[in-house]
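Novice: Number 85 in my numbering belongs to position 85 of the sequence shown; there are no gaps in the numbering.
Beta carbons are placed, not taken as given, at the ideal position from N, Cα and C, and that holds for glycine.
What you are looking at is a predicted structure, and each value in this text was computed from that prediction instead of being measured.
Structure below; questions to follow.
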Amino acid sequence: MGRTISQYSYRSIAMYITIHMIQNHSPANLNRDDLGAPKTCYFGGALRSRISSQCLKRSIRLSSEFRDLLGGIRTRRLADMLVQEIEEADMKSGTRKKAVKVLKKCGFDTKEKAGEEGHDHTEMLIYTTRNAIREMAEILKNANGESDDELAKKFGELIAERTAVPDMALSGRMLEPGKAGKEVWKNRNTTVEAALQVAHALSTHEARPEVDYYVAADDVREHAEDAGAGYVDEAMYNSACFYKYFSINWEQLVGNLQDKKELAAHTVGTFILGAAFANPSGKQNSFAAHNLPDGIVVELRKSPVSYANAFARPVESRGERGVIEQSIAQLGSYMNDLDAGYGGPEHRLWFSPNGRHTLNEGESSFQSEALRSIDDLITTTLTRLGFEWEKVRQVKVDADALKAEL
């Protein structure tokens with residue numbers, strides 16, 4: 001209990017950083033389904049509002065808090081990016097054709113999209129790093145008569161091996177090139193095992209979508225004309241208090257970053273910051289539901305544990321306790337029961353802004369450390385991991401790898 005994680009061999013044990021959030025949103029449609037309604041699911045026999053894990057991960061990855069650690073890029077326009085990296089204008093036309101041929105040799109079939117002549121799209125989304133793209137462009141530029149097969153093998157090596165960037169280390173990569181690239185990928189591993197697991201956010205209470213009937217006025221219509229709106233429509237929304245859960249495998253993260261422990265620590269701290277501040281962008285111009293979490297638990301433990309079942313019985317306001325307070329109370333009570341039955345984590349930290357809410361753990365023998373600011377939460381988390389936040393936050397991804405914009 002008293003030792004920091006760095007005093008253990010991170011290769012001899014698994015250590016997980018688990019993050020739990022209680023976050024109440026004002027009316028919103030943050031993540032909608034194919035019909036335009038807020039996503040939902042049944043949990044504990046009651047209808048809940050839901051935010052998909054993909055939506056949460058993307059909002060964090062593209063947040064201003066996480067931006068300095070971006071090194072990966074997902075694209076179907078890799079040929080275009082390779083051409084953009086080459087400055088000599090007279091080379092670009094030939095380079096595009098060459099890039100398309102080499103990518104096909106790699107098993108990435110490429111074709112022009114209707115209405116976008118001169119822009120070639122691969123049929124699959126390729127997840128690689130900006131550093132690899134820059135190096136592939138240099139290979140094309142200095143090909144010196146090398147065959148397409150030779151260039152394809154060099155491309156394959158770069159795509160397979162240039163993976164040590166925080167966003168890819170967290171989210172992982174599944175890449176399955178076509179049969180045409182069989183020889184290129186022989187004895188190469190294109191998969192990066194994700195260090196991060198993200199649950200779909202669930203409302204702690206029953207939540208049913210509502211309908212907003214709205215109109216737009218015609219500013220030019222004369223007063224004498226027939227009364228009425230220039231435009232009428234409906235939009236679905238709801239308001240929900242969410243339980244969010246994230247788990248980071250520390251050992252996997254360090255391994256994915258090629259043993260760069262300080263960069264891994266920076267990644268953990270920045271992820272916590274991004275998870276707290278980033279909100280999905282769905283319908284925000286109409287609802288502006290920019291709400292911050294009322295409570296965050298961070299645990300360091302040997303196996304990941306979700307507390308979603310604290311809300312299998314939907315939260316209801318009780319007396320002076322609103323939905324936020326009752327959600328936190330049920331979370332604390334459930335944690336107490338699991339601590340008693342299974343034992344507590346190595347470390348548990350509780351943050352609520354300015355001590356606004358307490359995590360009521362009842363008679364649990366394992367009491368959390370209560371913190372009053374998000375910076376204190378991150379600093380203490382990294383201290384427990386054996387790092388200094390102010391020091392590791394200066395560690396950056398290779399600056400050259402970040403030149404390209406999203």
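1. Assuming isoleucine 159 is part of the alpha helix (DSSP H), what are its boundary residues?
2. Using a Cβ-Cβ cutoff of less than 6 Å, which residues in the same chain neighbour valine 184 once the five nearest sequence positions on both sides are dropped?
3. Which two residues bound the contiguous alpha helix (DSSP H) that contains cysteine 55?
4. Measure how close the beta-carbons of glycine 71 and valine 165 come, nearest whole angstrom, since I'm counting them as under 8 Å.
5. Pick out whichever of Leu331, Asn187, Met21, Arg32 has its Cα sitting closest to the Cα of serine 281.
6. Does the Cβ of alanine 310 have 16 or more other Cβ atoms within 10 Å, making it buried, or fewer, making it exposed?
7. Below 8 Å between beta carbons: does that hold for alanine 289 and alanine 28?
8. Quick one: complete alpha helix (DSSP H) runs, 4+ long, within the stretch 252–287?
9. Do you know offhand how far leucine 47's Cα is from arginine 208's?
10. Going along the chain, which residues of its own chain have a beta-carbon closer than 6 Å to the beta-carbon of glutamine 394, five neighbours each way excluded?
11. Consult DSSP for alanine 235 and reduce its assignment to one of helix, strand or coil.
12. Measuring alpha carbon to alpha carbon, tell me which residue in Tyr245, Tyr16, Gly172 is nearest isoleucine 22.
13. Measure the C-alpha to C-alpha separation of asparagine 189 and alanine 217 and round it to an integer number of angstroms.
14. Which of the three DSSP states is assigned to tryptophan 250 in this structure?
15. Candidates Lys98, Ala329, Asp80: which alpha carbon is nearest isoleucine 126's?
16. Quick one: grab the DSSP three-state call for methionine 15.
17. Inspect the beta-carbon positions of alanine 329 and asparagine 360 and report whether they are closer than 8 Å.
18. Sort Cys41, Glu65, Ser63, Leu175 by Cα distance to threonine 75 and report the nearest one.
19. Between Ala340, Lys260, Ser306, Arg372, which has its C-alpha nearest valine 397's C-alpha?
20. For the putative contact between valine 198 and glycine 172, defined by C-beta atoms under 8 Å, what is the C-beta separation to the nearest angstrom?
21. So what's leucine 300 in DSSP terms, helix, strand or just coil?
22. Taking the C-alpha atoms as reference points, what is the distance between histidine 266 and aspartate 212?
23. Using a threshold of 8 Å, state whether the C-beta atoms of lysine 104 and alanine 160 are closer than that.
24. Can you look up alanine 308 in the DSSP assignment and give me helix, strand or coil?
25. Using the Cβ count rule (16 or more neighbours within 10 Å means buried), how would you classify glycine 167?
26. With DSSP as the reference, please indicate the residues paired to proline 38 in a beta bridge.
27. Out of Leu69, Lys98, Asp68, which one is the CA nearest neighbour of leucine 82?
Specialist: On the basis of the coordinates in this document:
1. 148–161
2. Cys106, Ala152, Lys153, Gly156
3. 53–61
4. 3 Å
5. Arg32
6. buried
7. yes
8. 261–277, 284–287
9. 7 Å
10. none
11. strand
12. Tyr245
13. 58 Å
14. helix
15. Asp80
16. coil
17. yes
18. Leu175
19. Lys260
20. Their Cβ separation, rounded to whole angstroms, is 11 Å, which puts valine 198 and glycine 172 out of contact at 8 Å.
21. strand
22. 42 Å
23. no
24. helix
25. First, the amino acid is wrong: residue 167 is aspartate here, not glycine. So aspartate 167 counts as buried.
26. Arg32
27. Lys98
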